[in-house]
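Mapping of the sequence shown onto numbering that gives the first Met the number 0: position 147 corresponds to residue 146, and the numbering continues sequentially without gaps.
One structure is given below, encoded as structure tokens.
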Amino acid sequence: MTPAIIGIAGPALLPEEAALLRRHHPVGVILFARNIVDPAQLCALVGDLRAALPAEAVLMVDQEGGRVARMRPPHWQAHPPAALIGSLHGRDRAAGLRAAFVSAALIGAQAATAGFDVVTAPVLDVARPGAHGVIGDRAFGGDPLAVGRLGRAFAAGLLAAGVQPVGKHAPGHGRATADSHMTLPVVAANNLDADLAPFALNADLPWAMTAHILYSALDSALPATLSATVIDTVIRGRIGFQGVLVTDDLAMRALSGPPSDTAPAALRAGCDVALYCAGDLDRTAAMLAACPDMTPRAARRLAAARGLAAARRVALDVDVLTAERDRLLAS
């Protein structure tokens, strides 16, 4: 397989997109609101994608809860933002941890029913006063230990639904004063221990996502996604993460250059999978053609992630869990 996950243009798989998937065999496809209309349409799209992708490929969705949700009412259940769960944890630790697990189990059950394998959550960034609002209520809070514990409970809930979680955005987006969707944030702090702590507490998650941030005390030239120094010494080293490392979206303006340049650079730096979400056919095709072959280590990590989700899956009663979450969040 090609070590890339790509977006597609709209709510139906175009013939030229299907041909591209069959030609390059990417690791998977990520879907966004532009691709999701209602359950019947999504079911048909998932079937078409599965027919065009390798059997072991993944379907990914950004479904954190709160404002980051691609499946929305009226067709799908709404889910609370992480900050609301973090607030409950501040009042009652046990209730907060249980709410994180239950909410993620409900998100995971919803995603699994729709045909997704991977949900890009939990957010493990630590909220900081004065930071840009791009993270905001997507973070569980400002206490690194609480963020790590809540993230771990959230990941356990996704795994209980048989869905692979993705911890993001390593090594920490919480200090950024700019939105990496629009420009490259620079973090000058030379002590990132608090930012790294939640990721270290979740070092055994099956997936993690990089941050498009320049940590100038670690690498004065390259953002984390493209920095072998940050990936080797911090994400793989200090944090100890050994799972599948996927880039944040290479279409974001924090990175300069076309994805046909940035994807190979990220893979050379140590990422296992490049993520390009824009869905524009020409640039997507050029990126896939530019990617090197998947490394054996990346293939083993992907297989381990699939195996973990299969092993941790349990039967879930959505109605019972929904009622429990409502009670917890009302307390």
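Cβ coordinates follow ideal geometry from the N, Cα and C atoms, glycine included.
Worksheet item: What's the C-alpha gap between Pro10 and Gly278?
Response: 11 angstroms
Practice prompt. On a CA-only basis, which of Gly85, Leu307, Ile134 and Ala308 is nearest His172? Give me that one, please.
Written response: Ile134
Worksheet item: Using DSSP with H/G/I as helix, E/B as strand and the rest coil, what is Glu333?
Response: Absent from the structure is residue 333, since the part of the chain shown begins at 0 and ends at 330.
Practice prompt. Identify whether Pro333 lies in helix, strand or coil by the three-state DSSP scheme.
Written response: This structure cannot speak to residue 333, because the chain is shown only from 0 to 330.
Fill in: Cα-Cα separation, Ala32 to Arg69
Each residue's CA atom was taken as its position, placing Ala32 and Arg69 some 5 angstroms apart.
Fill in: Classification of Val165 by the beta-carbon crowding that lies within 10 angstroms, buried from 16 upward
That one is buried.
Worksheet item: I think Gly156 touches Val101, with their Cβ atoms under 8 angstroms apart; what is that distance to the nearest whole Å?
Response: 6 angstroms
Item to complete: Counting only runs of 3+ residues fully inside the segment 28-102, write out the beta strand (DSSP E) ranges in chain order.
Response: 57-60 and 62-64
Worksheet entry | Option in Ala103, Leu183 and His74 with minimal Cα separation from Leu254 | Leu183
Discussion item. Could you check whether the segment 121-141 touches the segment 82-100, counting it as contact only if at least three pairs of C-beta atoms, one from each stretch, sit closer than 8 angstroms?
Written reply: The segment 121-141 is in contact with the segment 82-100.
Fill in: Of the listed residues Arg127, Val243, Ala310 and Ala284, nearest to Thr296 (C-alpha basis)
For the record, residue 296 in the displayed sequence is Arg; it is not Thr. With distances taken between Cα atoms, Arg296 lies closest to Val243.
Item to complete: Could you pull out every residue in the same chain whose Cβ sits closer than 7 angstroms to the Cβ of His168, ignoring the five residues on either side in sequence?
Response: Asp124, Met208, Thr209, Ala210 and Asp247
Worksheet item: Starting from Thr1 and walking both ways along the beta strand (DSSP E), at which residues does that stretch end?
Response: Thr1 to Ile5
Discussion item. Need the endpoints of the alpha helix (DSSP H) that Pro334 sits in, please.
Written reply: Residue 334 falls outside the range modelled here, since the chain spans only 0 to 330, and no answer is possible.
Discussion item. Taking a contact to mean a Cβ-Cβ separation below 8 angstroms, would you say Leu274 touches Leu249 in this structure?
Written reply: yes
Worksheet item: Which residue comes first and which comes last in the alpha helix (DSSP H) that contains Ala359?
Response: For the chain, the structure presents residues 0 to 330; residue 359 sits outside this window and is missing.
Worksheet item: What residue ranges within the segment 174-257 form continuous alpha helix (DSSP H) runs of no fewer than 4 residues, ordered along the chain?
Response: 192-200
Item to complete: Below 8 angstroms on the Cβ atoms is my guess for Val317 versus Leu158; work out the distance and round it to an integer in Å.
Response: Contact between Val317 and Leu158 does not hold, since the beta-carbon distance rounds to 16 angstroms and is not under 8 angstroms.
Discussion item. In the DSSP assignment, the beta strand (DSSP E) including Ala273 goes from what residue to what residue?
Written reply: Ala273 to Tyr275
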